[in-house]
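Chains as they are written, first to last, in this note's numbering: chain X, 1 to 198; chain B, 199 to 511.
Since the structure comes first, as structure tokens, the remarks are kept for the end.
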Amino acid sequence: MYEYARMKFYCDEDRCIECNACTIACAEAHELPVGIHRRKVVTLNEGIEGKEFSVSIACMHCTDAPCSQVCPVDCFYIRADGIVLHDKDKCIGCGYCLYACPFGAPQFPRDGAFGIRGVMDKCTMCAGGPAPTFSEKEYQLYGQNRIAEGKVPMCAAVCSTNALIVGDAESVSKIKRERDAAKGKGPMTPYGWDQAYK
Amino acid sequence: MKKLPLFSVISLGFLYAGVVPLVEPNMAPQHPGSRLISPELIEAIPSWHKYGELFLYLQTHWVKLLFLIVLLAVPTVFLLHYLIVGPKIFSHEGRKFLIFPTWQRIIHWIAALGFILLVPSGFFIIYGKYFGGGTPIRFMRYMHDIGAFLFALVVIPMTVMWFKEMLPRLWDIKWMMILGGYLSKEKREIPASKFNAGQKMWYWVAMFGGMVMIITGVMMYFQDFDIALLKKLNLYQIDLLRLAIMIHLGLALLIVAFFFTHLYMSLFAIKGSIESMIDGCKSEDELKHLHSIYYKKIIKEGKDKELAEKCKD
Ligand code: SF4
Ligand code: SF4
Numbered sequence: 001m002y003e004y005a006r007m008k009f010y011c012d013e014d015r016c017i018e019c020n021a022c023t024i025a026c027a028e029a030h031e032l033p034v035g036i037h038r039r040k041v042v043t044l045n046e047g048i049e050g051k052e053f054s055v056s057i058a059c060m061h062c063t064d065a066p067c068s069q070v071c072p073v074d075c076f077y078i079r080a081d082g083i084v085l086h087d088k089d090k091c092i093g094c095g096y097c098l099y100a101c102p103f104g105a106p107q108f109p110r111d112g113a114f115g116i117r118g119v120m121d122k123c124t125m126c127a128g129g130p131a132p133t134f135s136e137k138e139y140q141l142y143g144q145n146r147i148a149e150g151k152v153p154m155c156a157a158v159c160s161t162n163a164l165i166v167g168d169a170e171s172v173s174k175i176k177r178e179r180d181a182a183k184g185k186g187p188m189t190p191y192g193w194d195q196a197y198k
Numbered sequence: 199m200k201k202l203p204l205f206s207v208i209s210l211g212f213l214y215a216g217v218v219p220l221v222e223p224n225m226a227p228q229h230p231g232s233r234l235i236s237p238e239l240i241e242a243i244p245s246w247h248k249y250g251e252l253f254l255y256l257q258t259h260w261v262k263l264l265f266l267i268v269l270l271a272v273p274t275v276f277l278l279h280y281l282i283v284g285p286k287i288f289s290h291e292g293r294k295f296l297i298f299p300t301w302q303r304i305i306h307w308i309a310a311l312g313f314i315l316l317v318p319s320g321f322f323i324i325y326g327k328y329f330g331g332g333t334p335i336r337f338m339r340y341m342h343d344i345g346a347f348l349f350a351l352v353v354i355p356m357t358v359m360w361f362k363e364m365l366p367r368l369w370d371i372k373w374m375m376i377l378g379g380y381l382s383k384e385k386r387e388i389p390a391s392k393f394n395a396g397q398k399m400w401y402w403v404a405m406f407g408g409m410v411m412i413i414t415g416v417m418m419y420f421q422d423f424d425i426a427l428l429k430k431l432n433l434y435q436i437d438l439l440r441l442a443i444m445i446h447l448g449l450a451l452l453i454v455a456f457f458f459t460h461l462y463m464s465l466f467a468i469k470g471s472i473e474s475m476i477d478g479c480k481s482e483d484e485l486k487h488l489h490s491i492y493y494k495k496i497i498k499e500g501k502d503k504e505l506a507e508k509c510k511d
């Protein structure tokens, strides 16, 4: 269907130990403003034995990304490899992308005298933005462009348990299949996704 | 005693320092009690199918189209009306009566200014991509906020000041049946008190619809807020936001259509009627025909001399 492999994130909830390294590493690498968390670790069923697990979520870089479909100023662009990026110079901070996003990825920093909502900020899969690659402007607006440097995104790079994996969809699902098979689990879909992608 | 202000500033400072949320860094909400960044983020994923998908569908298939229809169809209908039936012209000679006291006019004009900022900026946001987005459209978004603030200032006083006169009356049905007499050139007595049925409809749509617009707008402005109602409504915060945007856009269609009508009536359909919002006075001729019930009432109560006195300059 696609000429290119599509890049995907996957967080293995069997492995995530809620250490928050991904969140912090991301914020540090991209020098994010306080209050902005492109990646968040969320814990479910906290304290309930056997049922508690954590998962790190950010922008999922959706196929047919809903955010890009609703944006009134058309500032999203989807790279050939499936990474969903957006143009902060065009964005008006209306928030429509957040209302359309299934994963709550878009966020809005507040600043100015009245705490006015700024333009949208979300995970770039460490692929920068529309400004020229490695330019000062790209760094200022979107953070490091690690993909252009040939590195994996910061969050996946620091994940000590290898819970967070990133790569083309084929390889990611292969890793997940092998892990499940090793545990004798058989193919599984992560919590909620069987409904989310029905 | 002199030290009291200093003391309170310092203690306030400590109080404020105390509310800095000491939560794990990844979960730090923008406001304490926020539900946008929380385990609910994950629980709300399956519920995307309810309102998320609906919003996606409406936004991609209907919003631009419906607003375009309102933007083109309503003025076209009025243009045809103007060309075929033409405006109503009343004599502005003779007596004039004070209908709207100064304070009502001030309130009205603040609301009007709000609308003048709100409606075009709203259209610019909806069609932002045809203007390239970026700073000009972001500026429109700020104008939208300022317009909303102006309207929010006066919406309650305005609702209260005209509430009684805007309650529906029996003769409004008659007004509806003849469509306010706007389909013919004939000058005759139209059944209406101080406000006709059309104005009443506009009032209810603008005031109560406007309040809903403000509430949904404020929700979208702050996005991340603490609301106890959520649990009761069995809604996730993100779903509440999705509902807010859909209600906001749907209601906007109705309000914009009425707003265009209001503009047409006051600027074109009834010549000189805008003057009553400038000096507060309506001519005897206009009042007699368009607000016949009100006219008869002030004559009967003998208030006419007093009201006419106030309009002499
Ligand atoms: S912002 Fe949301 S909708 Fe857009 S690609 Fe990322 S996860 Fe998908
Ligand atoms: S906030 Fe920005 S990116 Fe999101 S929909 Fe609005 S203009 Fe587009």
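Even for Gly, the Cβ is constructed at its ideal location relative to N, Cα and C.
query                                                                                                                        : result
Local Cβ density within 10 Å of M225 (chain B), reported as buried at 16 or more and exposed below that                      : Caution is warranted here: a pLDDT of 43 is assigned to M225 (chain B), below 50, making its placement in the model unreliable, and the coordinate value is therefore given only provisionally. M225 (chain B) should be labelled buried.
Stretch-stretch touch, CB-based, cutoff 8 Å, three pairs: the segment 269-285 of chain B with the segment 294-313 of chain B : no
Any chain X beta carbon closer than 8 Å to M374 (chain B)                                                                    : no
Nearest to H446 (chain B) (by Cα), restricted to the options X:Y99, X:D14, X:I36                                             : X:Y99
Contact test: H86 (chain X) Cβ vs ligand 2 heavy atom, cutoff 7 Å                                                            : yes
Residue burial classification, T23 (chain X) (beta-carbon count within 10 angstroms, cutoff 16)                              : buried
Any non-hydrogen atom of ligand 2 closer than 7 Å to M120 (chain X) Cβ                                                       : yes
Three-state secondary structure (DSSP) of D502 (chain B)                                                                     : helix
Through-space distance from F313 (chain B) to D12 (chain X), alpha-carbon basis                                              : 51 Å
Any 3 or more C-beta pairs closer than 8 Å across the segment 285-295 of chain B and the segment 483-500 of chain B          : yes
Buried versus exposed call for S382 (chain B) [16 or more other C-beta atoms within 10 Å across all chains shown]            : exposed
Euclidean distance between Cα positions of L85 (chain X) and Q107 (chain X)                                                  : 14 Å
Neighbour-count burial assignment, P299 (chain B), 16 or more Cβ in a 10 Å radius                                            : exposed
Test: V221 (chain B) CB closer than 8 Å to a CB of chain X                                                                   : Confidence in V221 (chain B) is poor, its pLDDT being 37 and thus under 50, which makes the residue's placement unreliable; the coordinate value appears in the next sentence. Output row for V221 (chain B): interface = no.
Against chain B: residues of the segment 28-58 of chain X by CB proximity under 9 Å                                          : V34, G35, H37, R39, K40, V41, V42, T43, L44, N45, E46, V55, S56, I57
Close beta carbons around V403 (chain B), own chain, < 8 Å, minus the five adjacent residues each side                       : L452, I453, F456
Complete runs of the beta strand (DSSP E) confined to the segment 217-299 of chain B [at least 3 residues]                   : 294-296
Where E499 (chain B) falls, given that 16 or more other Cβ within 10 Å makes a residue buried                                : exposed
Chain B contact residues for I92 (chain X), given Cβ-Cβ distances below 8 Å                                                  : I323, G326, G331, G332, I335, R336, M338, R339
Below-8 Å beta-carbon distance, R386 (chain B) vs any chain X residue                                                        : no
Closer than 9 Å at the beta carbon, the chain B residues around P72 (chain X)                                                : Q257, V261, K262, I323, I324, Y325, G326, K327, G331, I335
Beta-carbon proximity of Q257 (chain B) to Y96 (chain X), cut-off 8 Å                                                        : yes
Residues from the segment 435-460 of chain B in contact with chain X, defined by Cβ distance under 7 Å                       : I436, L439, R440, I443
Counterpart residues of G167 (chain X) in DSSP-defined beta bridges                                                          : X:K8
Y77 (chain X): CB within 7 Å of a non-hydrogen atom of ligand 2                                                              : no
Contact set for C123 (chain X): own chain, Cβ-Cβ below 7 Å, skip 5 residues either direction                                 : R38, R39, A58, C59, A105
Under 9 Å by beta carbon: chain B residues contacting F76 (chain X)                                                          : Per Cβ cutoff of 9 Å: no residues; F76 (chain X) is ~11 Å from chain B at best.
Proximal residues, the segment 91-124 of chain X versus chain B, C-beta separation under 8 Å                                 : C91, I92, G93, C94, G95, Y96, L98, Y99, A100, C101, P102, F103, G104, F108, R110, I116, R117, V119
Chain B contact for Q140 (chain X) (CB, 8 Å cutoff)                                                                          : no
Chain-ordered residues of the segment 417-435 of chain B with a beta carbon less than 8 Å from chain X                       : M418, Y419, Q421
Beta-carbon proximity check, L489 (chain B) vs A390 (chain B), cutoff 8 Å                                                    : In the sequence under discussion, the amino acid at residue 489 (chain B) is His, which differs from the Leu named in the question. Cβ distance < 8 Å, so H489 (chain B) and A390 (chain B) count as in contact.
6 Å Cβ shell around D343 (chain B) - same chain, five flanking residues per side excluded                                    : none
Distance cut-off 7 Å: C155 (chain X) Cβ against heavy atoms of ligand 1                                                      : no
Alpha-carbon spacing of M341 (chain B) relative to G47 (chain X), whole angstroms                                            : 48 Å
Whole-angstrom distance between R440 (chain B) and C67 (chain X), CA atom to CA atom                                         : 13 Å
Straight-line Cα distance separating L427 (chain B) from I304 (chain B)                                                      : 36 Å
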